[in-house]
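> Residue numbers (our numbering), protein chains in the order written: chain B, 1 to 273; chain L, 274 to 414; chain X, 415 to 532.
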Amino acid sequence: MNDDAPNIEITDIPSMPEVCLVRLNGDLDIDSVSAIDRCFSRHADSTKKHAIADMSNVTLVASAALGKLLGIKRRFVERGGDLVLAAMSLELKMKFVLMGANKIFKIHNDLRSAMNAYAWEVKHETEHIRLSFPSQLAIVPAVRNFVSQVMLHKGYNDRDSFRIETIVDEICNNAVQYGSHEEHDNITLRIKVDWEKVELDAENISDPGKGDMLRMYMNNMKNDVRIHEDEKRGRGLALVKMLASELKADVTDKGTMVHVTKLKEEQVYGISD
Amino acid sequence: MKAETAYRMTVSFPGELDYIPLVRKLVSDVLLVLHFSPKFTFRSEFIVDELCNNAVTYGSSTDRSPVELLCETYSDRVEFTVKDQGGSSENIKRLRQAIAEESSGKGAGLELVRLLAEKVTCTIDENNLTQIHVVRTREGL
Amino acid sequence: MESQIELKCEGMKGRSDAQVIRFVGDLDATNVQTVLEKICNLFNEGKIHIVADFAKLRYVNSTGLGILLHLSKSAKEKAGSFKIANVNENVFEIVEIIGATSLLEIYDTVEEAQASLN
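1) Could I get the ranges of all uninterrupted alpha helix (DSSP H) runs contained in the stretch 48 to 84 of chain B, with 4 residues as the minimum, in chain order?
2) Is it buried or exposed, Met242/B, if we count other Cβ atoms within 10 angstroms and call 16 or more buried?
3) Could you tell me the alpha carbon to alpha carbon distance between Arg337/L and Arg190/B, rounded to whole angstroms?
4) Alpha carbon to alpha carbon, how far is Lys262/B from Ser161/B? Give it in angstroms, no decimals.
5) Does Ser516/X come out as helix, strand or coil in the three-state DSSP assignment?
6) What are the start and end residues of the beta strand (DSSP E) that includes Lys422/X?
7) For the alpha helix (DSSP H) that His128/B lies in, which residues bound it at each end?
8) Short check: CB of Tyr521/X to CB of Ala514/X, under 8 angstroms?
9) Can the beta-carbon of Ile464/X be found less than 8 angstroms from the beta-carbon of Ala499/X?
10) With burial defined as no fewer than 16 other Cβ atoms inside 10 Å of the residue's Cβ, what is the status of Lys461/X: buried or exposed?
11) Please list the residues of the stretch 457 to 478 of chain X that have a C-beta atom closer than 8 angstroms to any C-beta atom in chain L, keeping them in chain order.
12) What span of residues does the beta strand (DSSP E) with Arg472/X cover, start to end?
13) For Lys30/B, count the other beta carbons within 10 Å of its own beta carbon; 16 or more makes it buried, fewer makes it exposed. Which is it?
14) Tell me whether Met151/B sits in a helix, a strand or coil according to DSSP, three-state version.
15) Of all the CB atoms in chain B, is at least one closer than 8 angstroms to the CB of Ile508/X?
16) Mark Lys154/B as exposed unless 16 or more other C-beta atoms lie within 10 angstroms of its C-beta, in which case mark it buried.
17) What is the residue span of the beta strand (DSSP E) that Arg297/L lies within?
18) Could you check what DSSP says for Ser536/X in three-state terms: helix, strand or coil?
19) For the beta strand (DSSP E) containing Arg281/L, list its first residue and its last residue.
20) What does the alpha-carbon distance come out to for the pair Val94/B and Phe496/X?
21) In chain L, what lies closer than 7 angstroms to Ser417/X by C-beta?
22) Tell me the DSSP secondary structure of Ile167/B in three-state form.
23) What are the partner residues of Lys192/B, as DSSP defines its beta bridges?
24) With distances taken Cα to Cα, identify the nearest neighbour of Asp253/B among Leu214/B, Lys68/B and Arg163/B.
25) Taking Ala514/X as the query, report the chain L residues whose CB atoms sit under 8 angstroms from its CB, ordered along the chain.
26) Apart from the five residues just before and just after Glu412/L, which ones in its own chain have a Cβ nearer than 8 angstroms to its Cβ?
27) Give the DSSP-derived three-state secondary structure of Leu402/L in the structure shown.
28) So for Gly460/X, helix, strand or coil by DSSP?
29) Can you name the residues of chain X whose CB is closer than 7 angstroms to the CB of Phe315/L?
30) Can you list, in chain order, the residues of its chain with a C-beta nearer than 7 angstroms to that of Glu323/L? Leave out the 5 residues immediately preceding and following it.
31) Within a Cβ cutoff of 7 angstroms, which residues of the same chain sit near Gly378/L, ignoring the five residues on either side of it in sequence?
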């Protein structure tokens with residue numbers, strides 16, 4: 001912290017070179033305005049496009065200081081970035097709402113959410129989710145519903161989310177059906193969410209007693225899936241093939257991994273946002 | 274189910290607040306499937322919510338390491354472990370304070386977890402890996 | 415995406431300074447701002463007596479309770495009130511554990527909460 005700027009400290013975020021972290025402290029009254037200005041002029045060089053302000057130790061924001069923050073926000077917006085606020089106390093948040101400042105500034109609940117939002121919204125970085133769950137059919141609905149909610153949360157439309165839910169349902173049901181049901185032989189589902197596509201990996205632990213079933217399953221994977229009235233699983237796989245952009249399977253002695261890629265609908269049809 | 278037969282479920286997700294409602298709902302849905310009562314499930318959902326909120330608030334603020342939730346169900350209890358990597362030393366200090374101070378506003382969530390669960394332990398290793406472990410016994414046992 | 419919460423507002427007969435708000439969904443850290451905005455706007459319009467109907471509030475966490483306590487305090491500062499009615503058993507238990515039953519005005523029904531205003 002600088003002696004001449006007791007209310008502000010600007011630091012780098014190692015993993016995000018173009019973002020600076022601004023820690024503001026105490027009462028941001030009229031006297032602190034010039035210190036905020038000086039500190040920004042000195043530290044927030046033009047290579048920083050985006051700033052996240054940690055408001056957790058701020059007790060008051062006077063209108064002059066709010067005006068200054070707005071001015072700084074404008075500078076970042078001109079560079080193609082933004083100044084967002086994070087970790088405000090409830091009292092401060094309420095004051096911001098009463099002043100209407102919540103309509104001007106993007107307010108995040110905590111620093112980490114602010115950084116993750118930046119990585120996703122601005123940098124379009126991939127988000128990774130991993131689930132490991134007992135190999136039981138009864139658990140699959142909870143899992144597929146979770147994935148569907150994640151897709152909606154990440155901006156996939158209802159139709160895509162529903163289709164991805166269907167894919168998850170089928171590949172997880174298969175993983176349960178053709179895999180071991182031993183106590184700790186869980187199913188692992190890895191989800192890689194991008195702006196344009198989602199990749200799903202469902203992996204089970206093999207059950208030596210189910211070799212024949214697995215071979216039939218693999219044949220279905222390779223060939224065009226014919227829909228037999230008496231073959232429930234074949235139908236599931238046909239559905240996944242129709243809904244997914246890519247479907248691959250890898251069988252080893254240890255288990256089977258099914259990999260599915262599903263492009264976002266607007267990617268398939270060339271519709272942009 | 275034998276008392277020591279455990280079902281284990283882990284969820285690893287980006288340390289972002291918006292994921293938490295989805296994660297707590299997943300846990301709640303799974304507990305209902307495993308025949309835990311709605312009341313027990315609701316309380317467990319609450320515990321998971323508070324633990325994850327805590328991890329996101331106090332955990333890493335400099336990189337995008339994930340939060341990991343481990344949920345182990347036994348016939349007589351459920352155990353939750355939330356692991357989080359690389360919290361800043363300042364945040365770890367605040368977390369320690371929150372754990373130590375019963376009435377600290379910041380740790381209100383954790384304090385509630387303590388009231389709802391039988392056992393709450395927290396470990397922070399030299400690499401700032403934080404682990405909070407909670408044991409909650411099934412009612413009527 | 416935040417947790418699903420819907421706040422449905424209705425006026426109260428003969429009371430231009432009061433409003434019934436039906437909370438539907440989950441109240442947690444992800445939707446603090448939505449709730450604050452909605453209720454602050456009502457305060458700004460002079461509707462300083464709020465009756466919150468929790469019949470369809472499924473879930474609340476410590477952050478959600480923090481909001482409720484804060485709104486109750488703010489209403490009192492404006493010489494108004496923030497009353498809660500129809501709290502489900504699960505939510506009530508959380509309110510009780512945090513020791514907020516004495517800090518919040520809780521009624522069995524919306525009608526009782528409304529009657530207490532007169």
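Don't be surprised by glycine CBs; every beta carbon is placed ideally from N, CA and C. Given the structure is predicted, the values throughout are model-derived calculations rather than measurements.
In short:
1) Listed in chain order, they are 63 to 78.
2) By 1-based counting over the first sequence, the position of residue 242/B is 242. In this structure Met242/B is exposed. Its beta-carbon is surrounded by fewer than 16 other beta-carbon atoms within 10 angstroms.
3) Translated into the one-based positions of the second sequence, residue 337/L becomes position 64. Translated into the one-based positions of the first sequence, residue 190/B becomes position 190. Distance from the CA atom of Arg337/L to the CA atom of Arg190/B, rounded to whole angstroms, is 17 angstroms.
4) Position 161 of the first sequence, counted from the first residue, corresponds to residue 161/B. Position 262 of the first sequence, counted from the first residue, corresponds to residue 262/B. C-alpha of Ser161/B to C-alpha of Lys262/B: approximately 10 angstroms in a straight line.
5) Here residue 516/X is taken as the residue at index 102 of the third sequence, counted from 1. Three-state DSSP puts Ser516/X in coil, outside helix and strand.
6) In the third sequence, residue 422/X corresponds to position 8, counting from 1. Note, Lys422/X: beta strand (DSSP E), Ile419 to Met426.
7) If you number the first sequence from 1, residue 128/B lands on position 128. According to the DSSP assignment, His128/B belongs to no alpha helix (DSSP H) but to the beta strand (DSSP E) extending over Glu127 to Phe133.
8) For this step, residue 521/X is matched to residue 107 along the third sequence. For this step, residue 514/X is matched to residue 100 along the third sequence. Going by beta carbons, Tyr521/X and Ala514/X fall outside the 8 angstroms limit.
9) Working through the third sequence from its first residue, we reach residue 464/X at position 50. Working through the third sequence from its first residue, we reach residue 499/X at position 85. Contact flag unset, no.
10) In the third sequence, counting from the first residue as 1, residue 461/X sits at position 47. Buried, since its Cβ has 16 or more Cβ neighbours within 10 Å.
11) Residues passing the 8 angstroms Cβ filter: Tyr473, Asn475, Ser476 and Thr477.
12) Numbered from its first residue, the third sequence carries residue 472/X at position 58. It spans His463 to Val474 - the beta strand (DSSP E) in which Arg472/X sits, taken as one unbroken run.
13) Stepping through the first sequence from its first residue, residue 30/B is reached at position 30. Inspection of the sequence shows that residue 30/B is occupied by Ile rather than by Lys. Per the 10 Å Cβ criterion, exposed.
14) Along the first sequence, read from residue 1 onward, the residue named residue 151/B stands at position 151. Taken through DSSP and simplified to helix, strand or coil, Met151/B comes out as helix.
15) Counted from its first residue, the third sequence places residue 508/X at position 94. False, the Cβ-Cβ gap to chain B never drops below 8 angstroms.
16) Taking the first sequence and counting its residues from 1, one reaches residue 154/B at position 154. With at least 16 other beta carbons inside 10 angstroms of its own, Lys154/B counts as buried.
17) By 1-based counting over the second sequence, the position of residue 297/L is 24. Boundaries for Arg297/L: no beta strand (DSSP E) harbours it, while the alpha helix (DSSP H) harbouring it runs Ile293 to Val306, taken from the DSSP string.
18) Nothing about residue 536/X can be read from this structure; chain X reaches only from 415 to 532.
19) Here residue 281/L refers to the residue found at position 8 when the second sequence is read from its first residue. Its beta strand (DSSP E) spans residues Tyr280 to Pro287.
20) Numbered from 1 along the first sequence, position 94 holds the residue referred to as residue 94/B. Numbered from 1 along the third sequence, position 82 holds the residue referred to as residue 496/X. The sequence as given places Met at residue 94/B; Val does not occur at that position. Their backbone Cα atoms lie some 16 angstroms apart in a straight line.
21) The residue labelled residue 417/X in the question sits at position 3 within the third sequence. Neighbours of Ser417/X on chain L, chain order: Pro294.
22) Counting from one through the first sequence, the residue named residue 167/B turns up at place 167. Three-state DSSP puts Ile167/B in a helix.
23) Translated into positions along the first sequence, residue 192/B becomes position 192. The partner list for Lys192/B (beta bridge, DSSP) reads His128/B and Glu199/B.
24) Translated into the one-based positions of the first sequence, residue 253/B becomes position 253. Among Leu214/B, Lys68/B and Arg163/B, the Cα nearest to that of Asp253/B belongs to Leu214/B.
25) Within the third sequence, residue 514/X is the residue found at index 100, counting from 1. Correct list: empty, because the minimum Cβ distance to chain L is about 11 angstroms.
26) By 1-based counting over the second sequence, the position of residue 412/L is 139. Apart from sequence neighbours up to five positions away, the residues of its chain that approach Glu412/L with a beta-carbon distance below 8 angstroms are Ser310, Lys312 and Phe313, ordered along the chain.
27) Taking the first residue of the second sequence as position 1, residue 402/L is located at position 129. Note: Leu402/L maps to coil in three-state DSSP.
28) Numbered from 1 along the third sequence, position 46 holds the residue referred to as residue 460/X. Note: Gly460/X maps to coil in three-state DSSP.
29) Here the question's residue 315/L lines up with position 42 in the second sequence. Asn504, listed in chain order.
30) Walking along the second sequence from the start, residue 323/L turns up at place 50. Cβ neighbours of Glu323/L beyond the five flanking positions: Gly382, Leu383, Leu385 and Val386.
31) Indexing the second sequence from 1 puts residue 378/L at position 105. Residue confidence for Gly378/L is low, a pLDDT of 48 falling below 50, so the modelled location carries little weight; the figure read from the coordinates is stated next. Counting only Cβ-Cβ distances below 7 angstroms, and skipping sequence neighbours, we find nothing.
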